[in-house]
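Asker:
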Amino acid sequence: MFKIGHVRDIKYIQKNLPEEVIKVIKDVATILDTEYGECRDIDYDIGGYILIIESKDEFKKLKDIHIDINDTIYEYVDRIKVENNNDWINALILCNNDFGVSIIMPIPIVPEKIIDSIVD
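Under the working numbering, the first residue of the sequence shown is numbered -7, with each subsequent residue one higher.
1. Give the DSSP-derived three-state secondary structure of LYS(-5) in the structure shown.
2. If we count Cβ pairs, one from each stretch, closer than 8 Å, do we get three or more for the segment 80 to 93 versus the segment 62 to 71?
3. Do you know offhand how far ARG71's Cα is from ILE99's?
4. Excluding the 5 residues flanking VAL13 on each side, which residues of the same chain have their C-beta closer than 7 Å to its C-beta?
5. In chain order, what residues of the same chain lie with their CB nearer than 6 Å to the CB of ILE44, ignoring the 5 residues before and after it?
6. Where do the N-terminal and C-terminal ends of the beta strand (DSSP E) with TYR68 fall, by residue?
If you want it as structure tokens, here you go:
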């Protein structure tokens, strides 16, 4: 699992993910940096961050930050269209008015409850 809070963090994950997914991550990180500041502490200040999950085993790590992937209400779930039908999703969880977590993950590992919420 990777945590991205700022546009400058994208360089650490750029080689491993599809181009279309990187674009969505960059767009979300840009909004966070623009609206909440590039110098904010992503864990303690307002704004939020992006989590990139690549395997079902990483769902367990979400519980450490008090997110239950199966028992969460998502603000929205968007499909990220990727070549060869290797699509991903971006699911936004609002923790309060000024803090959100975008969870980015490949469709094959997405729980059924989240799949049903996808906005195409």
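C-beta: ideal position from N, C-alpha, C; glycine also.
In this text the structure is predicted, and so the values were computed from the model without any measurement.
Answerer: Checking against the coordinates, here is how it stands:
1. In the sequence shown, counting from the first residue as 1, residue -5 sits at position 3. In the structure shown, LYS(-5) sits in a strand (DSSP, three-state: E or B).
2. Yes: at least three Cβ pairs fall under 8 Å.
3. What you label residue 71 is simply residue 79 of the sequence shown in a count that begins at 1. What you label residue 99 is simply residue 107 of the sequence shown in a count that begins at 1. Distance between ARG71 and ILE99, taken at the CA atoms: about 8 Å.
4. As a working note, residue 13 is residue 21 in the sequence shown. Cβ within range, chain order: ILE72, VAL74, TRP80 and ILE96.
5. If you number the sequence shown from 1, residue 44 lands on position 52. The answer, listed in chain order, is PHE(-6) and ILE96.
6. Taking the first residue of the sequence shown as position 1, residue 68 is located at position 76. Segment 68 to 72, the beta strand (DSSP E) holding TYR68.
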